[in-house]
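Residue numbers (the working numbering): 366 to 790.
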Amino acid sequence: MDHNEVIEAIDRHEKWLKDQVGGQRINLSGCDLSNIKLPKRYLKSAKFSGSNLSNTTFHGSDLSFADLFCSNLDKADFSYCNLMRANLRGAQIRDANFFGANLQDADMRSGSIVMYSSNREPATLMRTSLSGSDLQNAQLQNANLTGADLTHSNLQNANLQGAALSGANLAGVNLQDANLTNADLIGANLTDAQVKGAVFSGANLTGAIIDPITLATANLAGAIISKPLVTPNLAHNSSDKLPRTIKEILEDHYLWVKTNGKQGERAKLAQANLALIDLTGSDLSGADLAGCDMNGAKLFQTQLIMTDLASANLSGADLRMAAMDGINLSGANLHHAKLINCSLSVVNIKTADGKLTGKIWAANLSGTNLSGADLSGADLRGANLSNADLTDANLSGANLLDCNISGAKLDRANLEGAIMPSSAA
Numbered sequence: 366m367d368h369n370e371v372i373e374a375i376d377r378h379e380k381w382l383k384d385q386v387g388g389q390r391i392n393l394s395g396c397d398l399s400n401i402k403l404p405k406r407y408l409k410s411a412k413f414s415g416s417n418l419s420n421t422t423f424h425g426s427d428l429s430f431a432d433l434f435c436s437n438l439d440k441a442d443f444s445y446c447n448l449m450r451a452n453l454r455g456a457q458i459r460d461a462n463f464f465g466a467n468l469q470d471a472d473m474r475s476g477s478i479v480m481y482s483s484n485r486e487p488a489t490l491m492r493t494s495l496s497g498s499d500l501q502n503a504q505l506q507n508a509n510l511t512g513a514d515l516t517h518s519n520l521q522n523a524n525l526q527g528a529a530l531s532g533a534n535l536a537g538v539n540l541q542d543a544n545l546t547n548a549d550l551i552g553a554n555l556t557d558a559q560v561k562g563a564v565f566s567g568a569n570l571t572g573a574i575i576d577p578i579t580l581a582t583a584n585l586a587g588a589i590i591s592k593p594l595v596t597p598n599l600a601h602n603s604s605d606k607l608p609r610t611i612k613e614i615l616e617d618h619y620l621w622v623k624t625n626g627k628q629g630e631r632a633k634l635a636q637a638n639l640a641l642i643d644l645t646g647s648d649l650s651g652a653d654l655a656g657c658d659m660n661g662a663k664l665f666q667t668q669l670i671m672t673d674l675a676s677a678n679l680s681g682a683d684l685r686m687a688a689m690d691g692i693n694l695s696g697a698n699l700h701h702a703k704l705i706n707c708s709l710s711v712v713n714i715k716t717a718d719g720k721l722t723g724k725i726w727a728a729n730l731s732g733t734n735l736s737g738a739d740l741s742g743a744d745l746r747g748a749n750l751s752n753a754d755l756t757d758a759n760l761s762g763a764n765l766l767d768c769n770i771s772g773a774k775l776d777r778a779n780l781e782g783a784i785m786p787s788s789a790a
């Protein structure tokens with residue numbers, strides 16, 4: 366089925382949903398719809414079971430009650446989609462983007478289909494971005510969410526029994542009353558997660574980053590807890606090798622972030638030599654790291670919101686799945702850096718009492734060297750990329766909506782599946 370036939374079928378489906386003449390429910394089960402762009406379409410109750418939807422763009426579409434049973438959703442874009450009560454049983458979902466999606470009551474349990482496999486396999490969501498998504502009451506038993514970005518998502522009352530969540534970023538997640546029985550949470554980041562009433566019976570929390578005081582509000586019967594990590598800055602071996610002064614600065618900064626500035630002190634490490642440092646999972650939001658040498662640093666899943674890294678050397682750094690909204694990277698060197706599935710979007714400015722002001726603070730990457738960097742799946746909405754060097758960069762699947770790319774170099778950049786700003790049209 367070619368693109369035009371798909372569009373015609375969707376048009377008939379939308380008529381069917383509106384009870385209009387000529388309407389017909391869409392059934393694209395088993396079809397190859399890979400790489401098709403279907404943003405902002407009305408696909409409620411559509412049938413896609415067993416279909417190949419890899420690299421397909423559904424941004425902003427209504428897929429509530431849709432049948433995606435055992436479909437291939439690798440690298441698909443479901444950002445801001447409505448997937449309420451969608452059937453995702455047995456779906457394969459690697460490197461997909463569900464940022465801001467509504468997955469309330471979605472079913473992601475195991476499933477089987479003859480044309481794919483006779484085995485009953487759980488949904489696979491490895492390295493998938495589910496940041497900010499609504500997953501209340503979602504059925505995620507045995508789902509593979511290894512390394513997934515679930516930051517600030519709502520998993521209240523979700524069933525995650527037996528789910529693989531090792532290395533997942535669950536910072537700020539609502540897990541109240543969720544079932545995590547026998548879940549694998551080894552090395553997961555649960556900073557600021559809400560876990561009251563959650564069941565962790567038999568779950569493995571070895572090396573997980575979470576405040577034990579917070580964890581005490583959950584049901585931990587039979588859970589495996591080996592050295593739970595309270596402060597992410599102390600979570601990794603390299604911190605033991607840091608000079609005492611830097612360790613103290615990082616610890617004070619973590620306390621400063623945790624208490625909204627009431628305790629501790631903002632980290633001021635401008636021009637410091639932090640090359641090859643391992644700060645995986647740390648929270649360095651708001652820190653002054655301007656001009657730092659962080660060549661080859663390990664910053665996987667690090668929080669760098671509104672951090673000042675102007676003119677810093679981050680060449681070859683690992684910033685996969687890092688939260689860098691509102692960051693200042695102007696003039697910085699990120700040559701060959703790994704920024705896969707990171708967030709470099711805007712920050713909504715709030716007052717001291719947490720109320721929105723209506724103002725935003727964009728990530729500043731003006732004049733930044735991103736040549737050869739891997740930004741696949743990155744969220745760059747609203748970022749300032751003016752005069753940035755993106756030569757040979759991988760921007761496949763990245764979202765550059767509302768970006769300022771004036772003067773930016775995009776020679777030989779991979780833009781497959783990228784959402785470009787209207788100014789680039």
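Positions of the beta carbon are idealized from the N, C-alpha and C atoms, including for glycine.
- Residue pairing for Thr-422: DSSP places it in a beta bridge opposite Lys-402, Asp-442.
- Residue environment for Lys-440: buried (at least 16 other C-beta atoms within 10 angstroms of its C-beta).
- Contact annotation, Ser-647 with Ile-705: C-beta distance approximately 18 angstroms; criterion of less than 8 angstroms not satisfied.
- Leaving aside the five residues that flank Phe-430 on each side, the residues in its chain whose CB is nearer than 7 angstroms to its CB run, in chain order, Lys-409, Ser-410, Arg-450, Ala-451.
- By the CB criterion at 8 angstroms, Gly-691 and Ile-670 fall inside the cutoff.
- Within a 10 Å sphere around the beta-carbon of Ser-761 sit 16 or more other beta-carbons, which makes this residue buried.
- In the three-state DSSP reduction, Ser-708 falls in the strand class (E or B).
- For the 8 angstroms CB-CB criterion, Asp-767 and Gly-747 form a contact.
- Here DSSP, grouped into helix, strand and coil, assigns Lys-623 to helix.
- Secondary structure of Asn-524 (DSSP, three-state): strand.
- By the criterion of at least three beta-carbon pairs nearer than 8 angstroms, the region 691-701 is in contact with the region 720-740.
- The three-state secondary structure of Lys-380, taken from DSSP, is helix.
- If you ignore the 5 residues before and after His-700, its C-beta comes within less than 8 angstroms of the C-beta of Ser-680, Gly-681, Asn-734, Leu-735, Ser-736, Gly-737, Ala-738, all in its own chain and listed in chain order.
- The beta strand (DSSP E) runs of length 3 or more contained entirely in the region 675-730 are, from start to end of the chain, 712-715, 721-726.
- The beta carbon of Pro-404 lies closer than 6 angstroms to those of Thr-422, His-424, Gly-425 in the same chain, with the five residues before and after it left out.
- The region 577-587 makes no contact with the region 609-623: fewer than 3 CB pairs, one atom from each, lie closer than 8 angstroms.
- Between Leu-448 and Leu-428, the gap from beta carbon to beta carbon is short of 8 angstroms.
- Of the residues Phe-443, Asn-417, Leu-453, the one whose Cα lies closest to the Cα of Asn-437 is Asn-417.
- Residues Ser-736, Gly-737, Asp-776, Arg-777, Ala-778 of the same chain have their beta carbon placed closer than 8 angstroms to that of Asp-757, with the five preceding and five following residues left out of the count.
- DSSP places Lys-612 in the helix class (H, G or I) of the three-state scheme.
- One thing to note: Asn-554 has its Cβ no nearer than 8 angstroms to the Cβ of Gln-526.
- If the five residues before and after Tyr-445 are omitted, its C-beta is found closer than 8 angstroms to the C-beta atoms of His-424, Gly-425, Phe-464, Gly-465, Ala-466, all from its own chain and listed in chain order.
- In terms of CA proximity to Leu-780, Asn-764 leads the group Arg-459, Ser-771, Asn-764, Ser-788.
- Looking at the backbone, the Cα of Gly-552 and that of Ile-589 are separated by about 12 angstroms.
- With respect to the 8 angstroms criterion, Val-538 and Ala-558 are classified as neighbours on the basis of their beta carbons.
- By the criterion of a C-beta distance shorter than 7 angstroms, Trp-381 is surrounded in its chain by Gly-388, Gln-389, Arg-390, once the five residues flanking it on both sides are discounted.
- Check the Cα spacing between Ala-529 and each of Leu-520, Ala-508, Ala-573: the tightest is with Ala-508.
- Of the residues Asn-660, Thr-672, Thr-556, Asp-744, the one whose Cα lies closest to the Cα of Leu-639 is Asn-660.
- Inclusion of Ala-563 and Leu-550 in the CB contact set at 8 angstroms is not warranted, their separation being larger than that value.
- Straight across, the Cα-Cα distance linking Thr-516 with Asn-713 is about 16 angstroms.
- Between Ala-677 and Leu-709, the C-beta spacing is not below 8 angstroms.
- Rounded to the nearest angstrom, the gap between the Cα atoms of Leu-664 and Glu-379 is 45 angstroms.
- Rounded to the nearest whole angstrom, the CA to CA distance from Thr-556 to Gln-628 is 18 angstroms.
- In the three-state reduction of the DSSP assignment, Asn-369 falls in the helix class, which pools H, G and I.
- Here DSSP, grouped into helix, strand and coil, assigns Asp-557 to coil.
- Put simply, the backbone Cα of Ala-717 is about 23 angstroms away from that of Ser-518.
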